[in-house]
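Before any comments, here is the structure.
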Amino acid sequence: GTPHVNNVNQIGSFIILGSEKTSRGTRIYTTVSWATNIKLKKYYNLIQELHKMLNGKEDDILENVQTLRNANKTYKKQVEELQKELTAYKVKEILQMEDTVLVDVVDASQLRTVSQALLNEVSSTKILLTTSNDNNDFAIISPEGKARDIYALIQKPLEASGGGSPKIVTARSSKPKQEVIELLQKNI
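Read left to right, the sequence shown gives residues 435 to 622 (our numbering).
Right under this line is the structure:
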(Lines of atoms letter the chains of each structure in order from A; the text may use other names.)
(Lines give C-alpha, C1' and ligand atoms only; values in the text may rest on other atoms or scores of the structure.)
Protein backbone atom coordinates (compact mmCIF):
# COMPACT_ATOMS: atom_id res chain seq x y z
CA GLY A 435 0.00 0.00 0.00
CA THR A 436 0.86 3.64 -0.22
CA PRO A 437 1.54 5.52 3.03
CA HIS A 438 -0.49 8.69 3.55
CA VAL A 439 0.06 11.59 5.90
CA ASN A 440 -2.34 14.26 7.07
CA ASN A 441 0.15 17.11 6.63
CA VAL A 442 3.35 17.43 4.62
CA ASN A 443 5.24 18.48 7.77
CA GLN A 444 4.70 14.96 9.15
CA ILE A 445 7.13 13.69 6.51
CA GLY A 446 10.04 15.82 7.70
CA SER A 447 13.26 14.73 6.04
CA PHE A 448 12.78 12.28 3.20
CA ILE A 449 15.63 10.52 1.43
CA ILE A 450 15.74 7.72 -1.14
CA LEU A 451 18.59 5.47 0.02
CA GLY A 452 18.60 3.19 -3.00
CA SER A 453 16.66 0.78 -5.16
CA GLU A 454 16.87 -2.74 -6.54
CA LYS A 455 15.10 -4.81 -9.17
CA THR A 456 12.95 -7.67 -7.88
CA SER A 457 10.66 -10.23 -9.49
CA ARG A 458 7.68 -7.98 -8.67
CA GLY A 459 9.19 -4.74 -9.95
CA THR A 460 11.49 -2.21 -8.31
CA ARG A 461 11.97 -1.96 -4.55
CA ILE A 462 12.86 1.51 -3.28
CA TYR A 463 14.54 2.04 0.08
CA THR A 464 13.65 5.29 1.80
CA THR A 465 13.95 6.88 5.18
CA VAL A 466 11.76 9.61 6.64
CA SER A 467 11.73 11.97 9.61
CA TRP A 468 13.87 10.98 12.62
CA ALA A 469 14.96 7.75 10.94
CA THR A 470 16.64 9.92 8.31
CA ASN A 471 18.62 11.75 10.96
CA ILE A 472 19.68 8.47 12.57
CA LYS A 473 20.76 7.01 9.20
CA LEU A 474 22.66 10.15 8.25
CA LYS A 475 24.50 10.14 11.60
CA LYS A 476 25.31 6.46 11.17
CA TYR A 477 26.70 7.00 7.66
CA TYR A 478 28.56 10.13 8.73
CA ASN A 479 30.21 8.24 11.59
CA LEU A 480 31.11 5.41 9.23
CA ILE A 481 32.74 7.84 6.81
CA GLN A 482 34.66 9.47 9.67
CA GLU A 483 35.91 6.05 10.86
CA LEU A 484 37.07 5.20 7.34
CA HIS A 485 38.66 8.64 7.03
CA LYS A 486 40.70 8.02 10.20
CA MET A 487 41.63 4.44 9.27
CA LEU A 488 42.74 5.31 5.76
CA ASN A 489 44.54 8.46 6.86
CA GLY A 490 43.37 10.47 3.88
CA LYS A 491 40.77 12.93 2.69
CA GLU A 492 37.07 12.06 2.77
CA ASP A 493 36.89 12.42 -1.00
CA ASP A 494 39.66 9.82 -1.44
CA ILE A 495 38.04 7.05 0.64
CA LEU A 496 36.90 4.95 -2.34
CA GLU A 497 40.25 5.34 -4.07
CA ASN A 498 42.11 4.39 -0.87
CA VAL A 499 39.92 1.31 -0.37
CA GLN A 500 40.60 0.22 -3.96
CA THR A 501 44.33 0.74 -3.40
CA LEU A 502 44.13 -1.45 -0.29
CA ARG A 503 42.26 -4.17 -2.19
CA ASN A 504 44.85 -4.14 -4.97
CA ALA A 505 47.70 -4.29 -2.43
CA ASN A 506 45.96 -7.19 -0.68
CA LYS A 507 45.77 -9.13 -3.97
CA THR A 508 49.46 -8.49 -4.57
CA TYR A 509 50.36 -9.64 -1.05
CA LYS A 510 48.29 -12.81 -1.45
CA LYS A 511 50.17 -13.63 -4.65
CA GLN A 512 53.49 -13.00 -2.90
CA VAL A 513 52.47 -15.26 0.00
CA GLU A 514 51.49 -18.02 -2.46
CA GLU A 515 54.86 -17.74 -4.20
CA LEU A 516 56.72 -17.84 -0.89
CA GLN A 517 54.71 -20.88 0.19
CA LYS A 518 55.63 -22.63 -3.06
CA GLU A 519 59.30 -21.85 -2.44
CA LEU A 520 59.04 -23.09 1.15
CA THR A 521 57.38 -26.30 -0.03
CA ALA A 522 60.14 -26.88 -2.59
CA TYR A 523 62.77 -26.26 0.09
CA LYS A 524 61.06 -28.68 2.51
CA VAL A 525 60.85 -31.36 -0.20
CA LYS A 526 64.60 -31.03 -0.92
CA GLU A 527 65.34 -31.21 2.80
CA ILE A 528 63.16 -34.32 3.26
CA LEU A 529 64.69 -36.08 0.25
CA GLN A 530 68.10 -35.89 1.95
CA MET A 531 66.74 -37.74 5.01
CA GLU A 532 66.96 -41.51 4.97
CA ASP A 533 64.39 -42.35 7.67
CA THR A 534 61.00 -43.62 6.58
CA VAL A 535 59.06 -41.95 9.41
CA LEU A 536 60.01 -38.29 9.66
CA VAL A 537 58.89 -36.44 12.78
CA ASP A 538 58.25 -32.68 12.99
CA VAL A 539 59.91 -31.77 9.70
CA VAL A 540 56.85 -29.77 8.57
CA ASP A 541 54.06 -27.81 10.26
CA ALA A 542 50.56 -29.25 10.27
CA SER A 543 49.49 -26.45 7.91
CA GLN A 544 52.07 -27.57 5.33
CA LEU A 545 51.51 -31.31 5.66
CA ARG A 546 49.19 -31.72 2.68
CA THR A 547 51.07 -29.50 0.21
CA VAL A 548 54.47 -30.95 1.10
CA SER A 549 53.05 -34.48 0.84
CA GLN A 550 51.67 -33.81 -2.63
CA ALA A 551 54.95 -32.29 -3.80
CA LEU A 552 56.93 -35.13 -2.24
CA LEU A 553 54.89 -37.83 -4.00
CA ASN A 554 56.53 -37.07 -7.36
CA GLU A 555 60.03 -37.14 -5.85
CA VAL A 556 60.19 -40.23 -3.61
CA SER A 557 60.72 -43.80 -4.78
CA SER A 558 59.54 -45.53 -1.60
CA THR A 559 57.03 -44.91 1.19
CA LYS A 560 57.62 -41.93 3.49
CA ILE A 561 55.56 -40.87 6.48
CA LEU A 562 55.51 -37.31 7.77
CA LEU A 563 54.36 -36.81 11.36
CA THR A 564 53.78 -33.53 13.14
CA THR A 565 52.19 -32.59 16.45
CA SER A 566 49.82 -29.67 17.01
CA ASN A 567 47.37 -29.04 19.84
CA ASP A 568 47.88 -32.51 21.39
CA ASN A 569 47.02 -34.16 18.05
CA ASN A 570 49.40 -36.07 15.84
CA ASP A 571 48.81 -35.29 12.18
CA PHE A 572 50.49 -37.56 9.69
CA ALA A 573 50.71 -38.18 5.97
CA ILE A 574 51.52 -41.51 4.39
CA ILE A 575 53.12 -40.99 0.97
CA SER A 576 53.42 -44.16 -1.09
CA PRO A 577 54.37 -43.99 -4.77
CA GLU A 578 53.66 -47.75 -4.89
CA GLY A 579 49.99 -47.07 -4.04
CA LYS A 580 50.05 -48.67 -0.56
CA ALA A 581 49.07 -45.63 1.54
CA ARG A 582 45.47 -46.79 2.12
CA ASP A 583 46.63 -50.31 3.00
CA ILE A 584 49.05 -48.97 5.61
CA TYR A 585 46.37 -46.65 6.97
CA ALA A 586 43.86 -49.51 7.23
CA LEU A 587 46.33 -51.43 9.44
CA ILE A 588 46.87 -48.56 11.88
CA GLN A 589 43.52 -46.76 11.84
CA LYS A 590 41.83 -48.68 14.68
CA PRO A 591 44.82 -49.01 17.04
CA LEU A 592 45.55 -45.28 16.67
CA GLU A 593 41.87 -44.28 16.69
CA ALA A 594 42.81 -42.20 13.66
CA SER A 595 40.51 -40.21 11.43
CA GLY A 596 41.41 -39.28 7.89
CA GLY A 597 41.62 -40.62 4.40
CA GLY A 598 42.95 -40.05 0.94
CA SER A 599 44.05 -41.79 -2.21
CA PRO A 600 46.07 -44.99 -2.63
CA LYS A 601 49.20 -42.84 -2.91
CA ILE A 602 48.62 -40.20 -0.18
CA VAL A 603 46.64 -40.51 3.04
CA THR A 604 46.44 -37.76 5.65
CA ALA A 605 45.11 -38.52 9.11
CA ARG A 606 45.01 -37.43 12.75
CA SER A 607 45.35 -39.33 16.02
CA SER A 608 45.18 -38.16 19.62
CA LYS A 609 47.30 -41.09 20.84
CA PRO A 610 50.74 -40.30 22.34
CA LYS A 611 53.38 -39.36 19.79
CA GLN A 612 55.74 -42.23 20.60
CA GLU A 613 52.93 -44.77 20.24
CA VAL A 614 52.04 -43.32 16.82
CA ILE A 615 55.68 -43.44 15.68
CA GLU A 616 56.15 -47.06 16.80
CA LEU A 617 52.96 -48.25 15.13
CA LEU A 618 53.79 -46.43 11.89
CA GLN A 619 57.31 -47.89 11.80
CA LYS A 620 56.02 -51.40 12.52
CA ASN A 621 53.43 -51.33 9.69
CA ILE A 622 55.46 -49.97 6.80
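Cβ atoms here follow ideal geometry from the backbone N, Cα and C, with glycine treated the same way. These figures come from a predicted structure and were not determined experimentally.
query, result
"Around the Cβ of residue 502, are there at least 16 other Cβ atoms within 10 angstroms (buried) or fewer (exposed)?", "exposed"
"Hey, residue 521 and residue 551 are a contact pair by Cβ (cut 8 Å); roughly how many whole angstroms apart?", "5 Å"
"What's the call for residue 464, buried or exposed, on a 16-neighbour Cβ count within 10 Å?", "exposed"
"Relative to the alpha-carbon of residue 587, which residue among 619, 467, 524 and 539 has its alpha-carbon at the smallest distance?", "619"
"Can you give me the C-alpha to C-alpha distance between residue 565 and residue 462, rounded to a whole angstrom?", "56 Å"
"So the candidates are 604, 584, 600 and 595; which of them puts its Cα closest to the Cα of residue 686?", "The structure shown does not extend to residue 686, since the chain is modelled only from 435 through 622, so no value can be given for it."
"Applying the criterion that 16 or more other CB atoms from any shown protein chain within 10 Å of the CB defines a buried residue, is residue 469 buried or exposed?", "exposed"
"Less than 8 Å separating the beta-carbons of residue 581 and residue 595?", "no"
"According to DSSP, is residue 461 part of a helix, a strand, or is it coil?", "strand"
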